[in-house]
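Colleague: Dumping the structure here so I can ask a few things about it.
Numbering (our numbering), first residue to last: 35 to 238.
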């Protein structure tokens with residue numbers, strides 16, 4: 035889905051940090067946890083994603099090697115993030131081992147987290163913190179409240195954009211745009227055809 039930058043900019047201009055809502059001519063509206071669950075299909079209950087993870091570059095490099103099967107360069111890393119281009123996945127073939135498939139899956143999820151659900155303003159870096167969260171059995175990732183984390187991160191970036199008049203805003207823009215289309219009829223494309231499936235999130 036192509037992001038409508040004009041719509042996003044208009045919404046950021048109307049965002050009020052003190053209420054975490056958009057002030058529109060007809061009143062105040064905001065994105066709720068229920069919206070996140072319906073649009074993205076993410077869990078909104080579970081353990082919170084919070085707290086810093088303190089590691090040195092060498093430790094992060096070791097974790098990338100052990101967990102994802104690739105070894106980044108120190109120049110690709112900063113204290114808390116890594117360049118998107120440095121994150122590489124195994125090529126999965128018929129004789130790939132279970133370990134290679136798991137490493138590929140973990141890396142793919144990490145890229146989706148950093149590039150889609152929690153993108154920064156550059157769109158070119160991924161937070162290392164999420165690799166820490168994805169350690170161990172990947173099935174346990176469902177225990178985290180991803181929906182509330184995505185919404186909180188979007189709120190944070192909208193507040194920064196509204197207060198500092200930044201030219202770029204981070205956060206899940208697909209969530210914001212689909213929410214706007216579904217809740218504010220005047221900004222919905224006239225040719226938009228919504229195909230709903232009972233087993234898929236609204237935003238798929």
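Each residue gets a CB set at the ideal place from its N, CA and C atoms; glycine is no exception.
Measure the alpha-carbon distance for residue 56 versus residue 168 and round it to whole angstroms.
Modeller: By one-based count along the chain shown, residue 56 stands at place 22. By one-based count along the chain shown, residue 168 stands at place 134. Residue 56 and residue 168 have their C-alpha atoms some 34 Å from each other.
Colleague: If you check the beta carbons only, do residue 185 and residue 67 fall under 9 Å apart?
Modeller: Your numbering for residue 185 matches position 151 in the chain shown. Your numbering for residue 67 matches position 33 in the chain shown. The answer is yes: Cβ separation under 9 Å.
Colleague: Hey, could you find the ends of the alpha helix (DSSP H) residue 95 is sitting in?
Modeller: Counting from 1 along the chain shown, the entry for residue 95 is found at position 61. Per DSSP, residue 95 belongs to the alpha helix (DSSP H) from 91-102.
Colleague: Give me, in chain order, the residues of the same chain whose beta-carbon lies closer than 7 Å to that of residue 135; leave out the 5 immediate sequence neighbours on both sides.
Modeller: Taking the chain shown and counting its residues from 1, the one referred to as residue 135 is at position 101. Closer than 7 Å at Cβ, skipping near neighbours: 126.
Colleague: Where do the ends of the beta strand (DSSP E) carrying residue 115 lie?
Modeller: Walking along the chain shown from the start, residue 115 turns up at place 81. Looking at the DSSP string, the run of the beta strand (DSSP E) that includes residue 115 is 115-117.
Colleague: Is the beta carbon of residue 142 sitting closer than 9 Å to the one on residue 123?
Modeller: In the chain shown, the residue the question calls residue 142 occupies position 108. In the chain shown, the residue the question calls residue 123 occupies position 89. Going by C-beta atoms, residue 142 is nearer than 9 Å to residue 123.
Colleague: Less than 9 Å between the beta carbons of residue 148 and residue 161, yes or no?
Modeller: The residue you call residue 148 lines up with position 114 of the chain shown. The residue you call residue 161 lines up with position 127 of the chain shown. Yes.
Colleague: Can you pull the DSSP bridge partners for residue 55?
Modeller: On the chain shown, residue 55 is found 21 positions in, with the first residue counted as 1. According to DSSP, which records beta bridges pairwise, residue 55 is partnered with 50.
Colleague: For the alpha helix (DSSP H) containing residue 72, name the first residue and the last one.
Modeller: Locating residue 72 in the chain shown gives position 38, where the first residue counts as 1. For residue 72, the enclosing alpha helix (DSSP H) begins and ends at 67-74.
Colleague: So is the beta-carbon of residue 201 under 8 Å away from any non-hydrogen atom of the ligand NAP?
Modeller: This structure simply doesn't include the ligand NAP, nor any ligand for that matter.
Colleague: Taking the alpha-carbon of residue 38 as reference, which of 218, 90, 48 and 207 has the nearest alpha-carbon?
Modeller: Mapped onto the chain shown, residue 38 falls at position 4. For the residues 218, 90, 48 and 207, the minimum Cα distance to residue 38 belongs to 207.
Colleague: If we ignore side chains and look at the alpha-carbon of each, how far apart do residue 215 and residue 131 end up?
Modeller: Here residue 215 refers to the residue found at position 181 of the chain shown. Here residue 131 refers to the residue found at position 97 of the chain shown. Approximately 44 Å between the Cα atoms of the pair.
Colleague: Could you give the first and the last residue of the continuous beta strand (DSSP E) run that contains residue 160?
Modeller: Your numbering for residue 160 matches position 126 in the chain shown. Per DSSP, residue 160 belongs to the beta strand (DSSP E) from 159-161.
Colleague: When DSSP labels each residue in this structure, what does residue 63 get in the three-state scheme?
Modeller: As a position in the chain shown, residue 63 is number 29, starting the count at 1. Shown here, residue 63 sits in a strand according to DSSP, grouped into three states.
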